[in-house]
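Notes follow the structure.
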Amino acid sequence: MSQSYDLVVIGAGHAGCEAALAAARLGLETLLLTLNLDAIALMPCNPSIGGTGKSQLVREVDALGGEMALVIDEATLQTRTLNTGKGPAVHSLRAQADKRAYQARMIRALFSQQCLTIRQGEVVDILTENARVTGIKTLTGDVITCRAVVVAAGVYLRSRIIIGEARWDGGPQGLMSS
Numbered sequence: 057m058s059q060s061y062d063l064v065v066i067g068a069g070h071a072g073c074e075a076a077l078a079a080a081r082l083g084l085e086t087l088l089l090t091l092n093l094d095a096i097a098l099m100p101c102n103p104s105i106g107g108t109g110k111s112q113l114v115r116e117v118d119a120l121g122g123e124m125a126l127v128i129d130e131a132t133l134q135t136r137t138l139n140t141g142k143g144p145a146v147h148s149l150r151a152q153a154d155k156r157a158y159q160a161r162m163i164r165a166l167f168s169q170q171c172l173t174i175r176q177g178e179v180v181d182i183l184t185e186n187a188r189v190t191g192i193k194t195l196t197g198d199v200i201t202c203r204a205v206v207v208a209a210g211v212y213l214r215s216r217i218i219i220g221e222a223r224w225d226g227g228p229q230g231l232m233s234s
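Numbering of the sequence shown is given in our numbering, commencing with residue 57 and proceeding in unit increments.
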């Protein structure tokens, strides 16, 4: 397996998947690193795509050749137009997803993409030389050289679970904090 890439994408949520696919589709040798291969494209909290703010973003990603809109088309349980009681400027579409179908379809897209390698690992350092990215270092000590890094660690960066007085580092559904 190559230890040198044009781009390393850290995190395999919505943003990481789209970044990795976009780069690979441009012919860049891309590595997508995730803390847990079972959590690629996982929708742990809100199994929907769209809504007042996100629907515009999804349309823009779709117009640029992204995968998210195609995936939700195949994994939709129901769609709803929001804010219909207000003017058309604030109407937005939201699609409720079958979480497992969404994840499976996105994983299929990722693993079938040329120029894209997917690995499990934790990045502990972004290596630089003369103010330029030269690679990353993983928790296991692997050094992977690259020309650029996209950090798409998601909303669970240094997240904590708090239940009453109990507190611990962690993410949703028993996942690690990123």
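Backbone N, C-alpha and C fix where the C-beta goes; we use that ideal spot for every residue, glycine too. If you're wondering where the values come from, they're calculated on a predicted model, not measured in any experiment.
**Prompt:** By how many angstroms is the C-alpha of V64 removed from the C-alpha of M57?
**Reply:** As a position in the sequence shown, residue 57 is number 1, starting the count at 1. As a position in the sequence shown, residue 64 is number 8, starting the count at 1. Confidence at M57 is low in this model, with a pLDDT of 46, below 50, so the placement of that residue should be treated as unreliable; the coordinate-derived value is given next. Distance between the alpha carbons of M57 and V64: 14 Å.
**Message:** Please report the straight-line C-alpha distance between R161 and E85, rounded to a whole angstrom.
**Reply:** Here the question's residue 161 lines up with position 105 in the sequence shown. Here the question's residue 85 lines up with position 29 in the sequence shown. Going by the C-alpha atoms only, they are around 22 Å apart.
**Message:** Quick check on K142: does DSSP put it in helix, strand or coil?
**Reply:** For the purposes of this step, residue 142 is identified with residue 86 of the sequence shown, where counting begins at 1. K142: coil per DSSP, three-state reduction.
**Prompt:** Taking S111 as the reference, which of A119, E185, S148 and D198 has the closest Cα?
**Reply:** Residue mapping note: residue 111 aligns to position 55 of the sequence shown, counting from 1. Taking only the C-alpha atoms, the option nearest S111 is S148.
**Request:** Keeping to the same chain, check which residues put their C-beta closer than 7 Å to that of K83; ignore five residues upstream and five downstream.
**Result:** Looking up residue 83 in the sequence shown gives position 27. First, the amino acid is wrong: residue 83 is Gly here, not Lys. These residues qualify, in order along the chain: C171.
**Message:** Do I200 and V210 have their beta-carbon atoms positioned less than 7 Å apart in this structure?
**Reply:** In the sequence shown, residue 210 corresponds to position 154, counting from 1. In the sequence shown, residue 200 corresponds to position 144, counting from 1. According to the sequence provided, residue 210 is Gly. The question's Val does not apply to it. Not a contact, by the Cβ cut-off of 7 Å.
**Item:** Bounding residues of the alpha helix (DSSP H) (the contiguous stretch that carries E185)
**Value:** As a first step, residue 185 is located in the sequence shown; it is residue number 129 there, counting from the start. Note, E185: premise wrong, no alpha helix (DSSP H); beta strand (DSSP E) at V179 to E185.
**Segment contact, 8 Å Cβ cut-off, at least three pairs: the stretch 73-82 with the stretch 165-179** = yes
**Message:** Pop quiz: Q152 and P103 are said to be a contact at Cβ under 8 Å. What is the actual Cβ separation, rounded to whole angstroms?
**Reply:** Position 96 of the sequence shown, counted from the start, is the residue given in the question as residue 152. Position 47 of the sequence shown, counted from the start, is the residue given in the question as residue 103. Correct: roughly 7 Å between the Cβ atoms.
**Message:** Within the continuous alpha helix (DSSP H) that includes G72, where are the two ends?
**Reply:** As a first step, residue 72 must be located in the sequence shown, where it is residue number 16. Unbroken alpha helix (DSSP H) run through G72: H70 to R81.
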